[in-house]
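Notes follow once the structure below has been shown.
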Amino acid sequence: GENVEQHPSTLSVQEGDSAVIKCTYSDSASNYFPWYKQELGKRPQLIIDIRSNVGEKKDQRIAVTLNKTAKHFSLHITETQPEDSAVYFCAFASGGSYIPTFGRGTSLIVHP
Amino acid sequence: KAGVTQTPRYLIKTRGQQVTLSCSPISGHRSVSWYQQTPGQGLQFLFEYFSETQRNKGNFPGRFSGRQFSNSRSEMNVSTLELGDSALYLCASSSLSGGEREQYFGPGTRLTVT
Chain A
6 GENVEQHPST
16 LSVQEGDSAV
26 IKCTYSDSAS
36 NYFPWYKQEL
46 GKRPQLIIDI
56 RSNVGEKKDQ
66 RIAVTLNKTA
76 KHFSLHITET
86 QPEDSAVYFC
96 AFASGGSYIP
106 TFGRGTSLIV
116 HP
Chain Y
5 KAGVTQTPRY
15 LIKTRGQQVT
25 LSCSPISGHR
35 SVSWYQQTPG
45 QGLQFLFEYF
55 SETQRNKGNF
65 PGRFSGRQFS
75 NSRSEMNVST
85 LELGDSALYL
95 CASSSLSGGE
105 REQYFGPGTR
115 LTVT
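Top line first, the protein sequences correspond to chains A and Y.
Here this note's numbering = 1-based position in the first sequence + 5.
Here this note's numbering = 1-based position in the second sequence + 4.
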């Protein structure tokens, strides 16, 4: 079946640094790529998403880039803050149906 | 607006029993999706309901079923529980099915099967 590889599994940065998380997917028909943030003990939040007709999308300090040729997409967080510490999940979905496949998550730790 | 609510928050069942979980979406949202989260398998999509119809279904056995009522509240049922069904079950409500989505998760129901 479809799968997605997410790297790194753990990312430790200093406050103010940038963080990049990358996901590689298998299904070339994928056209929807959301990212979720889940703080410890809390519910996931959809933080940003991108569609295959767009190469990049930004929302304040976060951005997502998509390379359909290479079948990978990345989450970029600039000027990281301690409250960015969480597990981040990528996902992808194909066609007109929203059936997401999730990555295994990246634990981001931002040290003050 | 009130957020997504799920009941119960915690549940302990024994193998072979069945369980029903409930999700109330944000007012006005017609799409409700269900997910299973475990340390071993991560986050997995169960199914999505939109206007009382199942729109999408993940790769779970038929023991997992759901429904949606006319007020958009949704329930999921797991029959003949197995130890491996122990998980956090999350629901999320969305303003659209597919398309541009705003999606909000509930706090989850922690199910323990003994």
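Virtual Cβ for every residue (Gly too), placed ideally from N, Cα, C.
None of the values given here were measured: they were computed from a predicted structure.
About 4 Å separates the Cβ atoms of Y:Ser98 and Y:Ser35, confirming a contact at the 8 Å cut-off. Interface flag for A:Ile104 against chain Y is set, since a Cβ pair is found closer than 7 Å.
When Cβ-Cβ separations below 7 Å define contact, A:Pro87 makes no contact with chain Y.
Secondary structure of Y:Asp89 (DSSP, three-state): helix.
Short of 8 Å from the beta carbon of Y:Gly20, and not among the five residues preceding or following it, lie these beta carbons of its own chain, in chain order: Thr84 and Leu85.
Under the Cβ criterion of 7 Å, A:Arg66 is not counted among the residues facing chain Y. Note on geometry: alpha-carbon atoms of A:Phe38 and Y:Tyr53 lie some 20 Å from one another. Between the alpha carbons of Y:Cys95 and Y:Gln10 lies a distance of about 8 Å. Taking the Cβ atoms as the reference, A:Ser99 lies roughly 5 Å from A:Asp32, within the contact range of under 8 Å. Taking 7 Å as the CB threshold, Y:Gly46 lines the interface with chain A. Separation of Y:Phe68 and Y:Val82 (C-alpha to C-alpha, rounded to the nearest whole angstrom) is 5 Å.
In this structure, DSSP gives A:Pro87 a helical state, which the three-state scheme calls helix. Taking the Cα positions, Y:Leu15 is about 6 Å away from Y:Arg114. With a 10 Å radius around the Cβ and a threshold of 16 neighbouring Cβ atoms, A:Arg56 comes out exposed.
Interface criterion not met: the Cβ of Y:Pro65 is under 7 Å from no Cβ in chain A. Residues Glu79 and Asn81 of the same chain have their beta carbon placed closer than 6 Å to that of Y:Thr24, with the five preceding and five following residues left out of the count. In this structure, Y:Arg59 lies away from Y:Ser28, with their beta-carbon atoms at least 7 Å apart.
At a C-beta separation below 9 Å, Y:Pro111 has these neighbours in chain A: Lys47 and Arg48. Chain order gives the chain A residues near Y:Gln107 as Leu51, where near means a beta carbon separation below 7 Å. A:Ile82 and A:Ser23 do touch by the CB rule: their CB atoms are close to 7 Å apart, below 8 Å.
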